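Working notes for the structure below.
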Amino acid sequence: MACLSPEQLHAFLADGLDAEERSAAEEHLSLCRACRHRLVQANEVVRGRDSEVLPEVAVPEELLARARGLGRRAGSSRALPTRSWWPVAAVLALAAVGLVFLRGGNGVGENRAPDGDVLRSGSAEEALELLAPADGAVLDGEILEFRWALPSDASGATFTLLDDLGDILQRSTPSSGRFELDVRNLDPPLPSGSTLYWYLTLRFDDGTTIDTPVRRFRWQLDALGEKKKSSSGDH
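Residues -17 to 217 (the numbering used here) make up the sequence shown, in order.
Here it is in structure tokens:
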């Protein structure tokens, strides 16, 4: 499928495509980073034109649950999120329901569950209280530290880091509740000021998994890092 036209992108946001057209568009968006970027820009235009009413976008319930921050427990047959659908989740589900606006500006925007929405697992809620960094944090430096505490009935966790278009930058299954990421090892290099998203997939002894709500943060080089970079360029 060719890249989506501006008319198709706006029709997608306004839920103006039929089922076949929408399915084809979702498939293309899951594979085309350029069109995902253009979709975010189109969503900006729609939001700027009418800041009071968000477009009603037909997003699969599983993705809406993710965007609202609901833990969803699944059987062992469920695979971990992959590039085939997660980019659409990051760009569409989160932006469409207005919980996370992927273009940060001065802040990254609000990411909170609507009133009445609760986590479906007490175990996940217990673990989420200990996740760090906090949602909306601003991190600096070249080494980023992520920490969590597993609930007693969890056997492990998989860490996933995504950029603002939903591409997976890092996925790891550490043996402890701590993961360090050296941003200098990312390819392509991460621009200072980037907005990033991360979540955990908890694994349980009975073979089920649960994905935590997506957390977002902004990364920027600290003053010392910028100074070192500038000094090295002078030599």
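Ideal Cβ placement from N, Cα and C applies to all residues, glycine included.
All figures in this text were calculated on a predicted structure; none of them were measured in a lab.
Next on the checklist: Taking the alpha carbon of TYR179 as the reference point, which residue from LEU163, ARG185 and ASP117 has its own alpha carbon closest?
Outcome noted: ASP117
Checklist entry - Could you check where the beta strand (DSSP E) with VAL200 kicks off and where it finishes? => result In the sequence as presented, Val is not what sits at residue 200; that position holds Arg. From DSSP, the beta strand (DSSP E) with ARG200 extends over 197 to 202.
Item to check | Beta-bridge partners of LYS162, as assigned by DSSP | outcome: One detail in the question is off: residue 162 reads as Glu in this sequence, not Lys. Note: GLU162 sits in a beta bridge opposite GLU127.
Checklist entry - For GLN(-10), is the classification buried or exposed, using 16 other Cβ atoms within 10 angstroms of its Cβ as the cut-off for buried? => result buried
Checklist entry - Would you say the beta carbon of PHE199 comes nearer than 6 Å to a heavy atom of the ligand FAD? => result The ligand FAD is not part of the structure shown, which contains no ligands of any sort.
Next on the checklist: By the DSSP assignment, the alpha helix (DSSP H) with ALA(-4) in it spans what residues?
Outcome noted: Segment: none, ALA(-4) is in no alpha helix (DSSP H) and carries neither H nor E.
Next on the checklist: DSSP three-state label for ALA114, please.
Outcome noted: strand
Checklist entry - Relative to the C-alpha of VAL165, which residue among SER5, THR142 and PRO173 is closest? => result PRO173
Item to check | CB contact flag (LEU203, THR194, <7 Å) | outcome: no
Checklist entry - Which one or two residues does DSSP pair with VAL120 in a beta bridge? => result ARG200
Checklist entry - Can you tell me where the beta strand (DSSP E) with SER154 in it begins and where it stops? => result 150 to 154
Item to check | Local conformation of ALA(-16) per DSSP, three classes | outcome: coil
Item to check | Sequence-distant residues of its chain with Cβ nearer than 7 Å to ALA259 (five each side left out) | outcome: Beyond the ends of the chain as shown, which are -17 and 217, falls residue 259; an answer cannot be given.
Item to check | Of the residues ARG20, VAL22, HIS19 and ASP135, the one placed nearest ASP188, counting alpha carbons only | outcome: ASP135
Next on the checklist: What would DSSP say about LEU143, mapped onto helix, strand or coil?
Outcome noted: strand
Checklist entry - Going straight from the alpha carbon of GLY138 to that of ARG129, what length do you get? => result 13 Å
Item to check | Beta-carbon proximity check, ARG185 vs THR177, cutoff 7 Å | outcome: no
Next on the checklist: I need the straight-line Cα distance from GLY159 to PRO133, nearest angstrom please.
Outcome noted: 11 Å
Checklist entry - Are the beta-carbon atoms belonging to LEU163 and LEU126 less than 7 Å from one another? => result yes
Checklist entry - Is the beta carbon of HIS(-8) sitting closer than 7 Å to the one on ALA16? => result no
Next on the checklist: How far does the beta strand (DSSP E) with SER176 in it extend, from its first residue to its last?
Outcome noted: 176 to 186
Checklist entry - Does the Cβ of GLY89 have 16 or more other Cβ atoms within 10 Å, making it buried, or fewer, making it exposed? => result Only weak support exists for where GLY89 lies, its pLDDT of 30 falling under 50; the value from the coordinates is given anyway. Counting Cβ neighbours within 10 Å, GLY89 comes out exposed, since fewer than 16 surround it.
Item to check | Which of helix, strand or coil DSSP assigns to ALA137 | outcome: In the sequence as presented, Ala is not what sits at residue 137; that position holds Ser. The answer is strand: DSSP assigns SER137 an E or B state.
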